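Visitor: Structure provided below as structure tokens; questions to follow.
2 protein chains.
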Amino acid sequence: VRAAMAGWARAVRGLLLDVSGVLYDSGADGGVPIAGSAEAVRRIKESGLRLRFCTNETQATRENFVKKLRGLGFDISVAEVTAPAPAACSILKERGLRPHLLVHDDLIPEFAEIDKTNPNCVVIGDAAENFTYANLNEAFRVLIGMEKPVLISLGTGRYYKETDGLKLDVGAYMKALEYACDVQAEVVGKPAKRFFESALKEMGVPPEQAIMIGDDIVSDVGGAQRCGMRALQVRTGKYRPSDENHPDVKPDAYVNNLAEAVDIILQEL
Amino acid sequence: VRAAMAGWARAVRGLLLDVSGVLYDSGADGGVPIAGSAEAVRRIKESGLRLRFCTNETQATRENFVKKLRGLGFDISVAEVTAPAPAACSILKERGLRPHLLVHDDLIPEFAEIDKTNPNCVVIGDAAENFTYANLNEAFRVLIGMEKPVLISLGTGRYYKETDGLKLDVGAYMKALEYACDVQAEVVGKPAKRFFESALKEMGVPPEQAIMIGDDIVSDVGGAQRCGMRALQVRTGKYRPSDENHPDVKPDAYVNNLAEAVDIILQEL
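Structural data, given as structure tokens:
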């Protein structure tokens, strides 16, 4: 690993960290930290490297998400988090879009300042229990009633694991609406290029001086590399050995976990 | 229209009729017959032409579907109907597949004789109110748990209209499961070639001597033409004027309704 990173790791000025599967594993009672990750975050901050958390989390406001992580021992604040809902709000304001929301109840406060009357687009997130037959039909009717349907999707995830089993993620429902309305969703969140670019801008570091560290080979690694960043895949979270044979995406290096990544990067500096 | 059909209509020996949108318009209290269609069915039968009803209906057993149509004045029997569920049952038996069913409650009796223990495939139909978050996750878990997921979809419809508004059809949910499991569904029903072929076989007429009459430009007209049949589009049911500019499919002729189609065909004979 050190050999793979020698040469370029020393040019690094900022790190983008995925959260779920890198800092902690989510679960029933809030989840459990991944060994060494809380200490690794502290070491990054002490090193003077810039740091930003880049997540596709859409089941909670950033406030609640950060509160949970602080409870698990992480030094993290709302201002350090790039997440899909606030990014979507910027786009909605910029383009004068008034959303019909098909999202998790706990995400709704993120859209408090957005005009939602007489909707001219649909925003879909990981709505979980809100993915009812009635709610999907309602979102569909709003879309199909537009001359040119606008569908904004907070991520493209296929599924995720919870303690009581696998759950369909937002990407599956996005595909259902895309097909029914013959429209292509605009994706806000990883792996969208614009989303990584806004995280880099907020961190104040150009892509060639940044490293993305994540557990998702496509969303984290592939997405970051397409923006001109280096990207490491951790062998925690949703990592599977078969990822190492992915047909399209090859990380710049593999690390066992965040702690190992930080060890190597700090030694190279 | 007569000019368009002159020459080939006289070689016809059998007619395949779509049902919803050709014989009747479905709706809250069972639907209403389309003017002249009941009489047209009687005239086909008197003419000696072979006749078969070819439908993608999956919200009821054929028994109940036929009972409803007889109540609307149509001369139709179960033995004359080609529908997706019985076609799926043949495939399940042929390949030793044991389905997990995600279908409408009223369709379940069609699968009475099929072994459903320890499922090794998922069959999805227009499940309507059964498309709950829990049921979709369950079907997904069955699929993703297979080494090679087998998904059989009873049709590919995008949406349909009911008296209380538009509803997402089976095709949208099929796409959600396809995406989540990275699998391609096997479609049973129109426009699948095999489905039309079984209808032709049951009617005992080769494709070049059969005409399909339907209201769906893609499923009815396009599907039948790919099997070597001629196909007419009626201007009833879900027909829209924009269908006449469809980029891929061009019917052999347009007719205002089934009655007009039968008038012309019987005159040509």
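As they're listed, the protein sequences go chains Y and H. Residues in the first sequence are numbered from -10 upward in steps of one, following the working numbering. Residues in the second sequence are numbered from -10 upward in steps of one, following the working numbering. Beta carbons: idealized from backbone N, C-alpha and C, even for Gly. It should be emphasised that the depicted structure is a prediction, and the values quoted were computed from it without experimental measurement.
#1: Would a C-beta distance cut-off of 8 Å place L132/Y and L125/Y closer than the cut-off?
#2: With a threshold of 8 Å on Cβ separation, who are the neighbours of R31/Y within its own chain once the five nearest residues in sequence on each side are excluded?
#3: Within the 8 Å Cβ cut-off, does I65/H reach chain B?
#4: Is D209/H closer than 8 Å to D7/H when the C-beta atoms are compared?
#5: Roughly how many whole angstroms lie between the Cα atoms of P265/H and G203/H?
#6: What would DSSP say about S36/Y, mapped onto helix, strand or coil?
#7: Report yes if the C-beta distance between V11/H and I200/H is below 8 Å; otherwise report no.
#8: Taking C-beta to C-beta, are R39/H and G212/H nearer than 8 Å?
#9: Using the Cβ count rule (16 or more neighbours within 10 Å means buried), how would you classify G262/Y?
#10: At a CB-CB cut-off below 7 Å, which residues of chain H make contact with E118/Y?
#11: Could you run through the region 132 to 157 of chain H and flag, in chain order, every residue whose CB is less than 8 Å away from some CB of chain Y?
#12: Along chain H, which residues have their Cβ under 8 Å away from the Cβ of R130/Y?
#13: In this structure, does DSSP put I23/H in helix, strand or coil?
#14: Name the chain Y residues that come within less than 7 Å of L125/H, Cβ to Cβ?
#15: Relative to the C-alpha of S142/H, which residue among D153/H, L91/H and Y168/H is closest?
#16: Going along the chain, which unbroken runs of the beta strand (DSSP E) with 3 or more residues stay wholly within the region 114 to 161 of chain Y?
#17: I want to know whether the region 21 to 36 of chain H touches the region 52 to 63 of chain H - three or more CB-CB distances under 8 Å.
#18: With a Cβ-Cβ cutoff of 8 Å, do V207/Y and P73/Y count as a contact?
#19: Could you tell me the distance, in whole angstroms, from the CA atom of F54/Y to the CA atom of V238/H?
#20: Just curious, the beta strand (DSSP E) that I202/Y is in, first and last residue?
#21: What runs of the alpha helix (DSSP H), each 4 residues or longer, lie entirely inside the region 70 to 95 of chain Y?
#22: DSSP three-state label for D209/Y, please.
#23: For the 8 Å Cβ check, are there 3 or more pairs between the region 158 to 174 of chain H and the region 184 to 198 of chain H?
#24: Under a CB-based cut-off of 8 Å, is K164/Y close to chain H?
#25: Against chain H, which members of the region 166 to 192 of chain Y pass a CB distance test of less than 9 Å?
#26: According to the neighbour-count rule (16 or more other Cβ atoms, all chains shown, within 10 Å of its Cβ), is A49/H buried or exposed?
#27: What is the residue span of the alpha helix (DSSP H) that L58/Y lies within?
#28: Verify whether the separation of the beta carbon atoms of V67/Y and R51/Y is less than 8 Å.
Guide: Looking at the coordinates:
#1: no
#2: D64
#3: Given the protein chain composition of this structure (Y and H), no chain B is represented.
#4: yes
#5: Residue coverage of chain H in this structure runs from -10 to 258, which leaves residue 265/H outside it and unanswerable.
#6: helix
#7: no
#8: no
#9: No answer is possible for residue 262/Y: it lies beyond the span of chain Y, which begins at -10 and ends at 258.
#10: Y122
#11: I133, R147, Y148, G154, L155, K156 and L157
#12: G154 and L155
#13: coil
#14: L157
#15: L91/H
#16: 140 to 142, 148 to 151 and 154 to 157
#17: yes
#18: no
#19: 51 Å
#20: A199 to G203
#21: 73 to 84
#22: helix
#23: no
#24: yes
#25: L166, E167, Y168, A169, C170 and D171
#26: buried
#27: R51 to G60
#28: yes
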